[in-house]
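Using the working numbering, read the sequence shown as starting at 879 and increasing by one per residue.
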Amino acid sequence: MNQNFDFANDDAQIISYIQKTVHNTAINYFAKNSRLKDTEFVPGQKTLDYFIEEQAMYPQETVTVVSENFPLDFSNCSLAIEFQKLSDKDQSLLIQKYIFGYSDYEISTQLSMTRQGATKKRQRILGKIRKHLLS
């Protein structure tokens, strides 16, 4: 009889532990997601997004840039110029990411590098563009 009580007590402790763990994990998850919504993953990214969106809101003359026999229409002349200044490899990486929608992992396998390497390279390219556009 005493052993049954110990098992019931152990079960109650395990259930209590699981409930607290699930509760705290949910709180941490939602807190983290709310912080991430306001966080810039790349410094200046919100500024660059605003700059690009602002230009897109007021349709202007589009500039067509041909990269890898693929015509790209830019509504922002400054952005088109900065894109043309990039090396062919950098242009290709951005096209694969933003036009074709490849993941960083897929790009990294094509370029024979790690996923982190592809992500950092893309961030450096965007940083270079951002620096020139905002200066």
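All C-beta atoms, glycine included, are put in the ideal place defined by N, C-alpha and C.
**Prompt:** If we count the other Cβ atoms within 10 Å of its Cβ and call it buried at 16 or more, is K963 buried or exposed?
**Reply:** As a first step, residue 963 must be located in the sequence shown, where it is residue number 85. Of the residues assessed, K963 falls on the exposed side of the cut-off, its CB having fewer than 16 other CB atoms within 10 angstroms.
**Request:** Count the other C-beta atoms from every protein chain shown that fall within 10 angstroms of the C-beta of K975, then say buried if there are 16 or more, exposed otherwise.
**Result:** As a first step, residue 975 is located in the sequence shown; it is residue number 97 there, counting from the start. By the neighbour-count criterion, in which a residue is buried when 16 or more other Cβ atoms sit within 10 angstroms of its Cβ, K975 is buried.
**Request:** Work out the CA separation of G1005 and K999 for me, nearest whole Å.
**Result:** Taking the sequence shown and counting its residues from 1, one reaches residue 999 at position 121. Taking the sequence shown and counting its residues from 1, one reaches residue 1005 at position 127. Straight-line measurement puts the Cα of G1005 at about 10 Å from the Cα of K999.
**Asked** F978 bridges to which residues according to DSSP?
**Response** One-based indexing of the sequence shown puts residue 978 at position 100. According to DSSP, F978 bridges with nothing at all.
**Distance CB(F961)-CB(F952) smaller than 8 Å** = Taking the sequence shown and counting its residues from 1, one reaches residue 961 at position 83. Taking the sequence shown and counting its residues from 1, one reaches residue 952 at position 74. The Cβ atoms of F961 and F952 sit closer than 8 Å to each other.
**Item:** Exposed unless 16 or more other CB atoms sit within 10 angstroms - verdict on Q897
**Value:** One-based indexing of the sequence shown puts residue 897 at position 19. It is exposed - the Cβ of Q897 has fewer than 16 other Cβ atoms within 10 Å.
**Prompt:** Which same chain residues, not among the five before or five after Q969, have their C-beta less than 6 Å away from its C-beta?
**Reply:** Start at 1 with the first residue of the sequence shown, and residue 969 comes out as number 91. Taken in chain order, the residues that qualify are S945.
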